[in-house]
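Visitor: Chains as they are written, first to last, in our numbering: chain U, 17 to 153; chain W, 17 to 153.
All residues carry an ideal CB built from backbone N, CA and C; glycine is no exception.
In this text, all values refer to a predicted model and were calculated from it rather than measured experimentally.
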DNA sequence: TCTGAACATGAGAATCAGTATCAACTAGCG
DNA sequence: CGCTAGTTGATACTGATTCTCATGTTCAGA
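As C-alpha cells, then:
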C-alpha cells in the first residue's frame, strides 16, 4: 500500500552527504538523541539536512543494527550509536546517563519462558531505570 | 503554570457514569486496548464518553495500578485490566495475544546489575514478543 | 567522462496520539 | 434542597513522525 512514491529501493544503499552527516553526528554525540536533537545539532554545525531525511536515515541505521532505538515514556524515540552485540540499557531517570548491560540469564529466561508458552521467533527488550550515583549525591 | 482550570483535585474520586463505563469495558475486553479502541467500543455500546475522559480515566486507573500500560512499538499506549502483582508480558506480534509471566530471576538480575553500577531506586520493564502457537499454524 | 535510471532529498502538508481549555454539568455532603 | 469541588466533553492545540512529489544525486556501465 501507499506505493505512491517513496519508491521501493531495490536494495542499493547510496552514500550521500546527509547520511554521512547524520551518522557521524550520532557518533560524536555518544548518548541518546532524538531525531530533533540530531537535526538541531546538524543545523548548529551548518549541515543542512531535512528532518525527513534524518528520520529516514535513523530508521535505516536502526534496521541494520548500527544504532539502538529506545522508545521513551513520553513516546519519543531516541537513537544512539551502539555496540552491535545484544545488550540492554540501564538508564538514569535523572540525568539520562546510560550504561549498557548484558545478561545471559535474562536471555535464557526470556527464551525459555516464551517457548513454554508456545511462542516462536522470540525477541525481547529490557529497560532498567534508576537514579545513578552522580545524581544521588 | 497551567493552573488555568482542570483544577487540582483535592483528593476525592467520584463515581461517574463515564468512569464506570470505561472501567467495565476494559474488564470485558480482557486484552490490551488503546484509548481509541476503548472509545470506539463504548460508542458501539451506546455509551457516549468523550475521548478526553477516556484518557483521563485510563491514566487514573494506571496510576492506582488497576490497569497495566504498555507502550507499543508504534508509540501508542495500550491498557489492560491486570493483576496488580509485579509481572511481565509475553506478547504475540501477530494477533496481540498476551500472557503474563513472572521471573524472579530477572528481578534479581536487574536489581543486582543496577546496584553494581551504583544506581538506586531501580525499576525495570521487560517485554517479550514472539509469534504465538495459534498464529504459527 | 558522459548518461540515465534508480535512489535520495526536502519543504511542507498530513496524520495521529495525547493534552489543554474552559464553560457547562453533577456527585455527594450537609 | 443547595452548594461546591470534582468532572466532563467539544474542540483547539502540540509535537512527533510520515507522506507527497518535484527536483537533485549517485554510480554502474558505455
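So, helix, strand or coil for residue 131 of chain U, using DSSP?
Guide: The residue labelled residue 131 of chain U in the question sits at position 115 within the first chain. Correct three-state label for residue 131 of chain U: helix.
Visitor: Please report the straight-line C-alpha distance between residue 47 of chain W and residue 84 of chain W, rounded to a whole angstrom.
Guide: Locating residue 47 of chain W in the second chain gives position 31, counting from the first residue. Locating residue 84 of chain W in the second chain gives position 68, counting from the first residue. Taking the straight line joining both Cα atoms gives about 11 angstroms.
Visitor: Distance cutoff 8 angstroms, beta carbons only. Does residue 67 of chain U sit that close to anything in chain W?
Guide: As a first step, residue 67 of chain U is located in the first chain; it is residue number 51 there, counting from the start. Residue 67 of chain U does not count as touching chain W.
Visitor: For residue 41 of chain W and residue 104 of chain U, what's the separation of their Cα atoms in angstroms?
Guide: Taking the second chain and counting its residues from 1, one reaches residue 41 of chain W at position 25. Taking the first chain and counting its residues from 1, one reaches residue 104 of chain U at position 88. Their backbone Cα atoms lie some 36 angstroms apart in a straight line.
Visitor: Name, please, each residue of chain U whose Cβ falls closer than 7 angstroms to the Cβ of residue 133 of chain W.
Guide: Residue numbering aside, residue 133 of chain W sits at position 117 when the second chain is read from its first letter. Within 7 angstroms Cβ-Cβ: 106 and 115.
Visitor: For residue 88 of chain W, collect the residues of the same chain with a Cβ closer than 7 angstroms to its Cβ; drop the 5 residues on either side in sequence, then sort them by chain order.
Guide: The sequence position of residue 88 of chain W within the second chain is 72, counting from 1. The answer, listed in chain order, is 94.
Visitor: Give a yes or no on whether 8 angstroms exceeds the smallest Cβ distance from residue 140 of chain U to chain W.
Guide: Here residue 140 of chain U corresponds to residue number 124 of the first chain, with the count starting at 1. At least one chain W Cβ lies under 8 angstroms of residue 140 of chain U.
Visitor: Where residue 32 of chain W and residue 66 of chain U are concerned, what is the direct C-alpha to C-alpha distance, given to the nearest angstrom?
Guide: Here residue 32 of chain W is taken as the residue at index 16 of the second chain, counted from 1. Here residue 66 of chain U is taken as the residue at index 50 of the first chain, counted from 1. Going from the Cα of residue 32 of chain W to the Cα of residue 66 of chain U covers about 48 angstroms.
Visitor: To be precise: take each residue of the region 47–61 of chain U, compare its Cβ to all Cβ atoms of chain W, and keep it if any distance is under 8 angstroms. Which residues remain?
Guide: Residues: none.
Visitor: For residue 131 of chain W, is the classification buried or exposed, using 16 other Cβ atoms within 10 angstroms of its Cβ as the cut-off for buried?
Guide: As a first step, residue 131 of chain W must be located in the second chain, where it is residue number 115. Residue 131 of chain W is exposed by the Cβ-count criterion.
Visitor: Find out if the Cβ-Cβ distance for the pair residue 144 of chain U, residue 68 of chain W is shorter than 8 angstroms.
Guide: Here residue 144 of chain U corresponds to residue number 128 of the first chain, with the count starting at 1. Here residue 68 of chain W corresponds to residue number 52 of the second chain, with the count starting at 1. Result no, Cβ atoms of residue 144 of chain U and residue 68 of chain W do not sit closer than 8 angstroms.
Visitor: Looking at the unbroken alpha helix (DSSP H) that takes in residue 55 of chain U, where does it start and where does it end?
Guide: As a working note, residue 55 of chain U is residue 39 in the first chain. 51–60 is the span of the alpha helix (DSSP H), which, as asked, contains residue 55 of chain U.
Visitor: For residue 143 of chain W, decide whether its Cβ has a neighbour in chain U, counting only Cβ atoms nearer than 8 angstroms.
Guide: The residue you call residue 143 of chain W lines up with position 127 of the second chain. Judged by the 8 angstroms Cβ criterion, residue 143 of chain W is in contact with chain U.
Visitor: Tell me residue 85 of chain W's beta-bridge partners as DSSP assigns them.
Guide: For the purposes of this step, residue 85 of chain W is taken as residue 69 along the second chain, with counting starting at 1. W:95, per the DSSP bridge assignment.
Visitor: May I ask you to list the residues that DSSP assigns as paired with residue 147 of chain U?
Guide: Here residue 147 of chain U corresponds to residue number 131 of the first chain, with the count starting at 1. Residue 147 of chain U pairs with W:136.
Visitor: Work out the CA separation of residue 72 of chain W and residue 64 of chain U for me, nearest whole Å.
Guide: Numbered from 1 along the first chain, position 48 holds the residue referred to as residue 64 of chain U. Numbered from 1 along the second chain, position 56 holds the residue referred to as residue 72 of chain W. Rounded to the nearest angstrom, the two C-alpha atoms are 41 angstroms apart.
Visitor: Do residue 111 of chain W and residue 150 of chain W come within 8 angstroms of each other at the CB atom, strictly closer than that value?
Guide: Taking the second chain and counting its residues from 1, one reaches residue 150 of chain W at position 134. Taking the second chain and counting its residues from 1, one reaches residue 111 of chain W at position 95. Their beta carbons are under 8 angstroms apart, which means residue 150 of chain W touches residue 111 of chain W by this criterion.
Visitor: Residues in the same chain with beta-carbon distance under 6 angstroms from residue 140 of chain U, minus the five sequence neighbours each way, listed in chain order, please.
Guide: In the first chain, residue 140 of chain U corresponds to position 124, counting from 1. 126, listed in sequence order.
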